[in-house]
Amino acid sequence: MKRRFAVLTALLLLCGLTACGEAETQSGPGQSSTGQEEILSVGETSMPDLPMPSAVTTPEASGSGGERETAEGRVLVAYFSATGNTEGIALQLQSILDAELFEIIPEVPYTEEDLRYSQDDCRANREQNDPAARPAIAGTLENPEDYDVVFLGYPIWWGQAPKVVYTFLESCDLRGATIVPFCTSGSSGIGSSADGLKELTEDTQWLEGQRFDGGASQAAVAAWVEGLELPGSAAATENEGTRICLAFADGEAVAVLEDNAATRDFLAMLPVTLTFEDYAGAEKISYLSQDLSTEDAPASYDPQVGDVTLYAPWGNLAIFYADAASASGLVPLGRVVSGLDLLSAMDGEFEVSLSIAG
Ligand SMILES: Cc1cc2nc3c(=O)[nH]c(=O)nc-3n(C[C@H](O)[C@H](O)[C@H](O)COP(=O)(O)O)c2cc1C
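Just so we're aligned, residue 0 is where the sequence shown starts under numbering that gives the first Met the number 0, counting upward by one.
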C-alpha cells in the first residue's frame with residue numbers, strides 16, 4: 000500500500016515547477032554535417048563547453064536500491080550518470096530528501112569512446128538515433144511499487160534522456176508514483192526530454208522537471224525541492240502564494256510570494272523590469288521606485304537561501320542565493336522555487352522582467 004509523501008511538511012508554498020517558458024530544441028546526433036552544433040540551445044551562438052567523459056560507471060560503483068522507509072512514505076532517487084555530473088545532483092537529493100538511491104548501471108559500461116558525441120557513429124549517438132535501442136541494465140530495482148515519489152535523473156544526450164533510462168522505466172512498475180525528472184547538461188534545458196519517458200509509464204503523475212549544472216549547489220537543489228508540489232507536502236495542500244516569473248538574459252526563475260502587505264504592494268507593480276546587481280556575494284538586489292508597506296512585517300528576519308525579501312531601510316528587493324545574517328528591516332516576501340542557480344550566476348548589472356506567472 001502506498002502512503003502519502005509528507006517529508007517536507009515545513010513547506011508553505013504552493014507552486015508548480017512550470018518554468019515561465021522554455022524555448023530550446025535539439026536535434027539528434029548525426030543529423031547535420033556540423034554535428035555538435037545541433038545540441039546548442041536556440042539563441043546560442045557558440046558551442047557549449049560540453050565536458051567529455053572522464054569516468055565511466057561500473058557496477059561496483061552502484062548504490063543499489065534499498066528499502067529504507069522515511070517517516071511518512073518512500074522516496075527514491077533513481078539516476079543514470081555516465082561521467083558523474085548527474086550523480087552529484089542525485090546524491091544531494093538523496094541527502095535532502097533522506098531518500099533511497101538507485102543507480103541505473105548499463106550492463107556494458109560506457110567508455111570514453113562510446114561517449115564521443117562528435118563522432119556520429121559512437122555508441123551513445125547510435126543509441127540515441129535508434130528508437131528501439133534499450134541498452135541492458137545491470138541489477139533491478141526491488142519492489143518499485145513501494146515508492147511514492149521517484150526522482151529520475153539523467154544527462155541530456157542530444158536533447159533527450161539516454162536510452163538506458165528508457166530501459167530502466169520499462170523494467171519496473173512505478174504505477175501510482177509521482178515522478179520528478181531532473182537532468183544535467185552542457186547547456187541545454189530539460190526541454191521535452193521527459194516526454195518520451197512518460198510514455199513508458201502507466202498511472203504515474205509527472206511533475207515539471209529541472210535542469211542543473213553539474214556543479215549546482217546543495218542550496219539550489221534544496222530550493223527546487225522545497226517548491227515542488229509533492230503529494231502530501233504542505234506545498235501541495237496549502238494552496239498558498241502567488242507565483243511570479245523572473246526572466247533575464249540567461250534564463251528564468253520562478254518565485255512564490257506569500258500574502259502580506261509588502262507583497263500586495265509589490266504585486267501591484269507587476270509587470271515591471273528591474274535592474275539587479277550583486278550584493279555581498281550572497282544577494283541579487285534591485286532598488287524599487289516606490290516604497291512597499293511594512294505594516295505587518297517582523298522587526299528582523301534571518302534570510303534563507305532562496306528567500307525573496309525587501310530590505311526596507313534601503314528600499315531594495317534582495318534575493319538570497321547564499322547564507323546571510325539576520326537583519327532588522329528585512330521583510331520576507333517569498334521564495335525562489337526554480338532557477339536560483341541561473342539567477343545567482345548572473346554577473347554585474349542585469350535586467351529582470353518580473354510578471355505574475357500564468
Ligand atoms: C552523447 C552525448 C550527447 C550530449 N548531448 C548534449 C546536449 O544535447 N545538450 C547539452 O547541453 N549537453 C549534452 N551533452 C553533455 C551532457 O549532457 C553533460 O555533460 C552532462 O552533465 C553529463 O552528465 P553525467 O556526468 O551525469 O553523465 C551530451 C553528452 C553526450 C555524451
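From the three backbone atoms N, C-alpha and C, an ideal C-beta is built for every residue, glycine too.
The Cβ-Cβ distance between Pro-270 and Tyr-300 does not fall below 8 Å. With a cutoff of 7 Å, Ile-103 does not count as near ligand 1, since its C-beta is closer than that to no heavy atom of the ligand.
Between ligand 1 and Ile-155, a heavy atom-to-CB distance of less than 7 Å is present.
When the five nearest sequence neighbours on each side are left out, the beta carbons in the same chain lying within less than 8 Å of the beta carbon of Ala-323 are those of Ala-279, Ala-281, Glu-282 and Pro-302, in order along the chain. Check the Cα spacing between Ser-184 and each of Gly-152, Trp-313, Gln-204 and Gly-175: the tightest is with Gly-152. Relative to ligand 1, even the nearest heavy atom lies 7 Å or more away from the CB of Leu-92.
Judged by beta-carbon spacing, Leu-309 lies beyond the 8 Å limit of Ser-285, meaning their Cβ atoms are not closer than that value. Taking each of Leu-90, Val-76 and Ile-95 in turn and checking the Cα distance to Glu-225, the smallest one comes out for Ile-95.
For Ser-354, the enclosing beta strand (DSSP E) stretches over residues 349 to 355. Phe-211 is not a Cβ neighbour of Ala-77, given a cutoff of 8 Å. Here Gly-250 has Gly-338 and Leu-341 as same chain residues with Cβ atoms under 7 Å from its own Cβ, once five neighbours each way along the sequence are excluded. DSSP, read as helix, strand or coil, puts Gly-328 in coil. For Ala-252, the CB contacts under 7 Å within the same chain, skipping 5 residues up- and downstream, are Leu-245, Val-335, Ser-337, Gly-338, Leu-339, Leu-341 and Leu-342 in chain order. A contact is defined here as three or more CB-CB pairs under 8 Å, and the stretch 148 to 164 meets this definition with respect to the stretch 108 to 127. In the three-state reduction of the DSSP assignment, Asp-277 falls in the strand class. With a minimum length of 4 residues, the unbroken runs of alpha helix (DSSP H) contained wholly in the stretch 132 to 191 fall at 162 to 170.
Taking C-alpha positions only, Ala-254 is separated from Ala-215 by approximately 18 Å. The alpha carbon of Ile-355 has as its nearest neighbour, out of Ala-298, Thr-241, Gly-195 and Gln-93, the alpha carbon of Thr-241. The beta strand (DSSP E) runs lying completely inside the stretch 286 to 340 and spanning 3 residues or more are 306 to 310, 315 to 319 and 329 to 337, given in chain order. Put simply, of Ile-103, Ala-98 and Leu-92 the residue whose alpha carbon is nearest the alpha carbon of Ala-81 is Ile-103. Taken through DSSP and simplified to helix, strand or coil, Leu-100 comes out as strand. Counting of Cβ neighbours within 10 angstroms places Asn-84 among the buried residues, the total reaching 16 or more. In the structure shown, the three-state DSSP call for Ala-81 is coil. Considering only Trp-205, Ala-89, Asp-295 and Leu-196, the residue with the shortest C-alpha distance to Arg-263 is Asp-295. Here DSSP, grouped into helix, strand and coil, assigns Arg-242 to strand. Where Gln-209 is concerned, there is no enclosing alpha helix (DSSP H), although the beta strand (DSSP E) around it starts and stops at 209 to 211.
DSSP lists Tyr-278 and Phe-319 as the bridge partner or partners of Glu-282. Leu-199: not part of any alpha helix (DSSP H); DSSP gives it neither H nor E. Nearest C-alpha to Leu-291 among Gln-217, Asp-306, Leu-266 and Gly-305: Leu-266. Around the beta carbon of Met-268, fewer than 16 other beta carbons sit within 10 angstroms, so the residue counts as exposed. When only Cα atoms are considered, Asp-346 and Ala-218 end up about 19 Å apart.
Relative to ligand 1, the nearest heavy atom lies less than 7 Å away from the CB of Asn-84.
Rounded to the nearest angstrom, the gap between the Cα atoms of Val-107 and Phe-150 is 24 Å. Leu-114 has its Cβ nearer than 7 Å to a heavy atom of ligand 1. In the structure shown, Glu-86 falls within a helical segment according to DSSP collapsed to helix, strand and coil. When secondary structure is reduced to three states using DSSP, Val-224 falls in the helix class.
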